[in-house]
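Novice: Here the sequence shown stands for residues 1 to 209, numbered as in the numbering used here.
Quick reminder that beta carbons are idealized off the backbone N, C-alpha and C, glycines included.
Given the structure is predicted, the values throughout are model-derived calculations rather than measurements.
Okay, here's the structure, questions in a sec.
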Amino acid sequence: MTATTEPTTAPVALQPLDARGREIVFTHARSVNSFADIPVSDDELRDVWELTRFTPTMANTQPMRVVFVRTPEGKDRLVPHMADGNRAKTASAPVTAIVAYDTNWHEEIPNVFPIRPEMKDYFASDEDARHGAGNFSAALQAGAFILAIRAAGLAAGPMGGYDKAGIDAEFFPEGDWTTLMVVNIGHPGENAWFDRLPRVDTDKAVAWA
1 MTATTEPTTA PVALQPLDAR GREIVFTHAR SVNSFADIPV SDDELRDVWE
51 LTRFTPTMAN TQPMRVVFVR TPEGKDRLVP HMADGNRAKT ASAPVTAIVA
101 YDTNWHEEIP NVFPIRPEMK DYFASDEDAR HGAGNFSAAL QAGAFILAIR
151 AAGLAAGPMG GYDKAGIDAE FFPEGDWTTL MVVNIGHPGE NAWFDRLPRV
201 DTDKAVAWA
């Protein structure tokens with residue numbers, strides 16, 4: 001497989017995100033529980049991915065993968081593996097993303113981290129290290145994926161209630177990808193949000209040294 005090379009670009013000058021941008025991505029954003037009957041286009045989903053793929057990961061390894069489930073047939077395969085409380089909203093969401101990570105992510109190391117190609121052999125020989133590193137970096141990308149959905153003008157409804165083994169068997173029978181999270185994507189419908197729940201006090205969560 002031929003490796004693709006990203007254009008060389010200088011980092012942009014750092015400046016704070018404006019107040020509206022912070023509201024959209026962070027402070028006014030909440031997980032969505034119902035969706036309007038408005039389609040989500042392929043271009044919108046590509047935009048989400050184009051943002052997500054620039055997430056920092058360990059040694060630039062980028063192990064996260066995603067399946068966008070949007071057809072009736074795809075939903076019929078996915079919904080039975082969701083927890084009871086997540087089935088209706090998964091069925092009605094325009095798109096549901098199965099966020100996974102590639103269990104063979106180390107095979108890409110010579111392409112994505114060419115300064116240390118020998119790392120591929122290290123992770124090939126140590127399954128525990130490979131799983132730990134892959135899960136860690138994919139989790140970083142998964143968090144950024146939710147923010148990317150918001151930044152692209154869409155709403156995200158991440159879910160942890162599902163049968164992981166069932167989804168893996170249905171969508172990844174070869175065992176090369178494994179499910180990390182499931183996220184509904186679309187435009188908010190009626191009564192889409194619960195009230196904002198409390199945040200942990202800063203004094204309890206932040207220490208100084």
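(1) Could you tell me the boundaries of the alpha helix (DSSP H) in which F171 lies?
(2) Buried or exposed, going by whether 16 or more other CB atoms sit within 10 Å of the CB of G283?
(3) To the nearest angstrom, how far is the alpha carbon of M1 from that of D201?
(4) What residue ranges within the segment 40–89 form continuous beta strand (DSSP E) runs of no fewer than 3 residues, ordered along the chain?
(5) What are the boundary residues of the beta strand (DSSP E) that V95 is part of?
(6) Quick one: what's got a C-beta closer than 6 Å to Y101's C-beta in the same chain, skipping five residues either side?
(7) What residues in its chain sit with their C-beta under 6 Å from that of A209, if we drop five residues either side in the sequence?
(8) Say whether the segment 110–123 touches the segment 188–201, bearing in mind that this needs 3 or more beta-carbon pairs closer than 8 Å, one atom from each stretch.
(9) Reducing DSSP to helix, strand and coil, say where L180 ends up.
(10) What residue does the alpha helix (DSSP H) around A205 start on, and which one ends it?
(11) If we ignore side chains and look at the alpha-carbon of each, how far apart do A10 and F54 end up?
(12) Helix, strand or coil for A148 per DSSP?
(13) Out of S125, F35 and L14, which has the shortest C-alpha to C-alpha gap to A155?
(14) Confirm, please, whether the CB-CB distance from G74 to G161 is below 8 Å.
(15) Rounding to the nearest angstrom, what Cα-Cα distance links V99 and R20 in this structure?
(16) Drop a sphere of 10 angstroms on the beta-carbon of I38, count the other beta-carbons inside from all chains shown, and report buried for 16 or more, exposed for fewer.
(17) What is the DSSP secondary structure of I24, reduced to helix, strand or coil?
(18) In the DSSP assignment, what residue or residues form a beta bridge with P114?
(19) Taking 6 Å as the limit between beta carbons, can you name the residues of its chain near E170, skipping five residues before and five after?
(20) Taking Cβ to Cβ, would you say N33 is nearer than 8 Å to G157?
(21) Is it buried or exposed for D12, if we count other Cβ within 10 angstroms and need 16 for buried?
Specialist: With the given structure in hand:
(1) Per DSSP, F171 is one residue of the alpha helix (DSSP H) stretching across K164 to F171.
(2) Here the chain comprises residues numbered 1 to 209, so residue 283 is not present and cannot be evaluated.
(3) Only weak support is given to the placement of M1: the predicted model assigns it a pLDDT of 42, under 50, and the value that follows is read from those uncertain coordinates. Those two C-alpha atoms are separated by around 49 Å.
(4) Unbroken beta strand (DSSP E) stretches of 3 residues or longer found wholly inside the segment 40–89: 64–69, given in chain order.
(5) Per DSSP, the continuous beta strand (DSSP E) segment holding V95 begins and ends at V95 to D102.
(6) Annotation for Y101: P63, M64, G134, A138 and L180 place their beta carbon closer than 6 Å to its own, counting only its chain and skipping 5 residues before and after.
(7) Closer than 6 Å at Cβ, skipping near neighbours: no residue.
(8) Look at the beta carbons and you see the segment 110–123 not touching the segment 188–201: under three pairs across the two are nearer than 8 Å.
(9) Secondary structure of L180 (DSSP, three-state): strand.
(10) Start and end: T202 to A205.
(11) Rounded to the nearest angstrom, the two C-alpha atoms are 14 Å apart.
(12) In the structure shown, A148 sits in a helix (DSSP, three-state: H, G or I).
(13) The residue with the shortest Cα to Cα distance from A155 is F35.
(14) Cβ atoms of G161 and G74: not closer than 8 Å.
(15) In a straight line, the C-alpha of V99 is about 28 Å away from that of R20.
(16) Exposed, by the Cβ-count rule.
(17) Helix.
(18) Paired residues: none, contrary to the question.
(19) Closer than 6 Å at Cβ, skipping near neighbours: R77.
(20) Between N33 and G157, the CB-CB gap stays under 8 Å.
(21) Checking the displayed sequence, the identity of residue 12 turns out to be Val instead of Asp. By the 16-neighbour rule on beta-carbons within 10 angstroms, V12 is exposed.
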